[in-house]
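> The sequence shown begins at 464 in this note's numbering and counts up by one.
The beta carbon of each residue, even a glycine, is placed where N, CA and C say it ideally should be.
Bear in mind that the values here come from a model prediction, so they are computed numbers and not experimental data.
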Amino acid sequence: MHPAALSDPLAGALPSGEATLNDHLPTKHLNIGFVSMRFNSTDGVSLESSKWCCVLTEMGHSCFYFAGQCDRPAERSYVVPEAHFDHPEILDITRIAFSNRVRPPVLTMRIRDVAGYLKEHLIKFIRQFDIHILLVENALSIPMNLPLALALTELIAESGIPTIAHHHDLFWERKRYLVNCVWDYINMAYPPRLPNLVHVVINSSAANQLSHRRGIAAYVIPNVMNFDEPPPPPDEYSVTLREDLGIADYEYFFLQPTRVVRRKGIEHAIEFVRRLGMPARLVISHASGDEGDEYAQHLFTYAELMNVKLIMADQIVGEKRGILPDGRKIYSLFDVYSRCDLVTYPSLLEGFGNAFLEAIYYKRPLLVNNYTIYSIDIKPKGFRAIEFDGFITEKTLQQARELLDNPALVEEMTEHNYRLGRRYYSYRTLASQLRSILHVLSGEEE
Numbered sequence: 464m465h466p467a468a469l470s471d472p473l474a475g476a477l478p479s480g481e482a483t484l485n486d487h488l489p490t491k492h493l494n495i496g497f498v499s500m501r502f503n504s505t506d507g508v509s510l511e512s513s514k515w516c517c518v519l520t521e522m523g524h525s526c527f528y529f530a531g532q533c534d535r536p537a538e539r540s541y542v543v544p545e546a547h548f549d550h551p552e553i554l555d556i557t558r559i560a561f562s563n564r565v566r567p568p569v570l571t572m573r574i575r576d577v578a579g580y581l582k583e584h585l586i587k588f589i590r591q592f593d594i595h596i597l598l599v600e601n602a603l604s605i606p607m608n609l610p611l612a613l614a615l616t617e618l619i620a621e622s623g624i625p626t627i628a629h630h631h632d633l634f635w636e637r638k639r640y641l642v643n644c645v646w647d648y649i650n651m652a653y654p655p656r657l658p659n660l661v662h663v664v665i666n667s668s669a670a671n672q673l674s675h676r677r678g679i680a681a682y683v684i685p686n687v688m689n690f691d692e693p694p695p696p697p698d699e700y701s702v703t704l705r706e707d708l709g710i711a712d713y714e715y716f717f718l719q720p721t722r723v724v725r726r727k728g729i730e731h732a733i734e735f736v737r738r739l740g741m742p743a744r745l746v747i748s749h750a751s752g753d754e755g756d757e758y759a760q761h762l763f764t765y766a767e768l769m770n771v772k773l774i775m776a777d778q779i780v781g782e783k784r785g786i787l788p789d790g791r792k793i794y795s796l797f798d799v800y801s802r803c804d805l806v807t808y809p810s811l812l813e814g815f816g817n818a819f820l821e822a823i824y825y826k827r828p829l830l831v832n833n834y835t836i837y838s839i840d841i842k843p844k845g846f847r848a849i850e851f852d853g854f855i856t857e858k859t860l861q862q863a864r865e866l867l868d869n870p871a872l873v874e875e876m877t878e879h880n881y882r883l884g885r886r887y888y889s890y891r892t893l894a895s896q897l898r899s900i901l902h903v904l905s906g907e908e909e
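1. Starting from residue 743, trace the beta strand (DSSP E) in both directions and tell me its first and last residue.
2. Quick check on residue 818: buried or exposed, where buried means 16 or more other Cβ atoms within 10 Å of its Cβ?
3. Does the Cβ of residue 626 have 16 or more other Cβ atoms within 10 Å, making it buried, or fewer, making it exposed?
4. Comparing C-alpha positions only, which one of 849, 707, 613 and 764 sits nearest to residue 794?
5. Residue 484 to residue 824, Cα distance in whole Å?
6. For the region 566-640, list the alpha helix (DSSP H) runs that are entirely contained and at least 4 residues long, ordered along the chain.
7. DSSP three-state call for residue 665: helix, strand or coil?
8. Residue 851: which of 807, 681, 771 and 634 sits nearest, CA to CA?
9. Rounding to the nearest angstrom, what Cα-Cα distance links residue 541 and residue 531 in this structure?
10. Residues in the same chain with beta-carbon distance under 6 Å from residue 727, minus the five sequence neighbours each way, listed in chain order, please.
11. What residues in its chain sit with their C-beta under 6 Å from that of residue 563, if we drop five residues either side in the sequence?
12. Flag this pair as yes or no: are the beta carbons of residue 829 and residue 867 separated by less than 8 Å?
13. When the Cα atoms are used, what is the spatial distance from residue 413 to residue 547?
14. Within 10 angstroms of the Cβ of residue 681, are there 16 or more other Cβ atoms? Answer buried if so, exposed if not.
15. Please name the residue or residues paired with residue 532 in a DSSP beta bridge.
16. Assuming residue 820 contacts residue 688 (C-beta within less than 8 Å), just tell me the rounded distance between them.
17. Please report the straight-line C-alpha distance between residue 744 and residue 713, rounded to a whole angstrom.
18. Among 639, 859, 724 and 857, which one has its Cα closest to the Cα of residue 813?
19. Does residue 509 come out as helix, strand or coil in the three-state DSSP assignment?
20. Please report the straight-line C-alpha distance between residue 634 and residue 605, rounded to a whole angstrom.
21. For the region 797-846, which segments carrying the alpha helix (DSSP H) assignment without a break, of at least 4 residues, lie completely within its bounds, in sequence order?
22. Quick one: what does DSSP say residue 855 is sitting in, helix, strand or coil?
23. Below 8 Å on the Cβ atoms is my guess for residue 654 versus residue 603; work out the distance and round it to an integer in Å.
24. Would you check if the distance between the CB atom of residue 716 and the CB atom of residue 683 is smaller than 8 Å?
25. Can you round the beta-carbon distance between residue 595 and residue 494 to whole angstroms, since I take them to be within the 8 Å contact cut?
26. Can you give the Cα-Cα distance for residue 575 and residue 568, rounded to whole angstroms?
27. Excluding the five sequence neighbours on either side, which residues of its own chain have a C-beta within less than 8 Å of the C-beta of residue 520, listed in chain order?
28. Quick one: what's got a C-beta closer than 7 Å to residue 614's C-beta in the same chain, skipping five residues either side?
29. So, under 8 Å CB-CB, residue 733 and residue 796 are touching, yes? Tell me the CB distance rounded to an integer number of Å.
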């Protein structure tokens, strides 16, 4: 790239051989810099970024990480605490930004100061790991860290570094972001319109909205699982899971494999267990996350009123197996899926539905609300589930009873779903789509 393409503050920001849209990237081996607020959780963004990294690595590329928290290999990671949405300074900026209609001047200064600091570290990250392409995971999608989005937007505009913005959520999908005093920043960075920036969304509705609201065309790449490598059967390690959760032998184990946030509609799962009339416990695998604990307290109150046994298992469920300081086992998502009898997925709103795909991959029957993206993008492909449309009906309950009483029917349904998952949501599909995007960024013919 010509030196004149960079402004003075960023002179030399990119490594030798840096690329713009008009240059040819070394597509046989790229250093790809993943950027997000965190890479250390079982949330959908972190899980999906791991899958993308796996596929990109198999394609011959190398992956590196910039985040506020990161559990990826230290030698490939660059951690700046202020990049996390949970950093005290970022939390305070977000609180003020989304509780006022007029911006205090001091807030502008704070946002600009942190953005400048983060941009400096992004430049160091690019230099340190000789990054050819940035792959931004949700940091340009939803305004949980305004300074990080501004830093990225300025860096991408000033350097010309080819960038993929992977949008799992978009700000207009969250009511809490619609009252604010930072519309100028939101319009600038969520997401930005830049010639060296390619956008990827996870469902067709988001692509339509992005085009309508921002005039931006986007690739649609849904979430994926490695369907070409089926999961192994449960092993001895997870034999103790039911006992550790307090589930009796005669009780069904129903799994709610999501965070405890309002849009997950977990009240419907509690009502489902209550009305089903079969001994069961509902296990929630994840914690509350970024939306506070009020909803969790509401669920416990509701479960008590409904006489449903509700278990929060986030302390003993993680991305990987391990041991807690008190000696208790940590179980993986594979363990809880492989040992549960039914997955509940009553979400009111989802960007796609990681838990849906996980249930298909681990061959579990599932209860699913007919949320918008499921009805538009997933259901038409022929998947089978116990469905309800906004509220639990007797038909829903009867379907569930028939499945739980008939293992052969469960096997038929789950095998059918697995075949469809392999066809539409496999790593092979992702690899093909990523290859096309990299060719676009490199300016090469496919």
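According to the structure data:
1. Looking at the DSSP string, the run of the beta strand (DSSP E) that includes residue 743 is 743-747.
2. Buried, since its Cβ has 16 or more Cβ neighbours within 10 Å.
3. It is buried - the Cβ of residue 626 has at least 16 other Cβ atoms within 10 Å.
4. Per the Cα distances, 707.
5. Residue placement at residue 484 is poorly supported in this model, since its pLDDT is 36, which falls under 50; the coordinates still yield a value, given next. Taking the straight line joining both Cα atoms gives about 37 Å.
6. Segments of the alpha helix (DSSP H) lying fully in the region 566-640: 568-591 and 609-622.
7. Looking at residue 665 - three-state DSSP - the assignment turns out to be coil, as it is neither helix nor strand.
8. For residue 851, the nearest C-alpha among the options comes from 807.
9. Cα-Cα distance, rounded: 9 Å.
10. Non-local beta-carbon contacts of residue 727 in its own chain, meaning distances under 6 Å to residues more than five positions away in sequence, involve 721 and 810 in chain order.
11. Closer than 6 Å at Cβ, skipping near neighbours: 644.
12. Taking 8 Å as the cut-off, the Cβ atoms of residue 829 and residue 867 do not count as close.
13. The first residue shown for the chain is 464 and the last is 909, placing residue 413 beyond what the model contains.
14. Residue environment for residue 681: buried (at least 16 other C-beta atoms within 10 angstroms of its C-beta).
15. According to DSSP, residue 532 bridges with 501.
16. With a contact defined as Cβ atoms closer than 8 Å, residue 820 and residue 688 qualify at about 5 Å.
17. Taking the straight line joining both Cα atoms gives about 11 Å.
18. Checking every option, the nearest Cα to that of residue 813 belongs to 724.
19. DSSP places residue 509 in helix when its eight states are reduced to three.
20. When only Cα atoms are considered, residue 634 and residue 605 end up about 5 Å apart.
21. You should have 817-824.
22. Of the three classes helix, strand and coil, the one that applies to residue 855 here is coil, per DSSP.
23. The distance from the Cβ of residue 654 to that of residue 603 is about 4 Å, consistent with a contact at the 8 Å cut-off.
24. In this structure, residue 683 does not lie closer than 8 Å to residue 716 by Cβ.
25. In this structure residue 595 touches residue 494 by the C-beta definition: roughly 5 Å separates them, less than 8 Å.
26. Answer to the nearest angstrom: the Cα atoms are 11 Å apart.
27. Apart from sequence neighbours up to five positions away, the residues of its chain that approach residue 520 with a beta-carbon distance below 8 Å are 526, ordered along the chain.
28. Cβ neighbours of residue 614 beyond the five flanking positions: 578, 581, 582 and 585.
29. Under the criterion of beta carbons closer than 8 Å, residue 733 and residue 796 do not qualify as touching, at roughly 22 Å.
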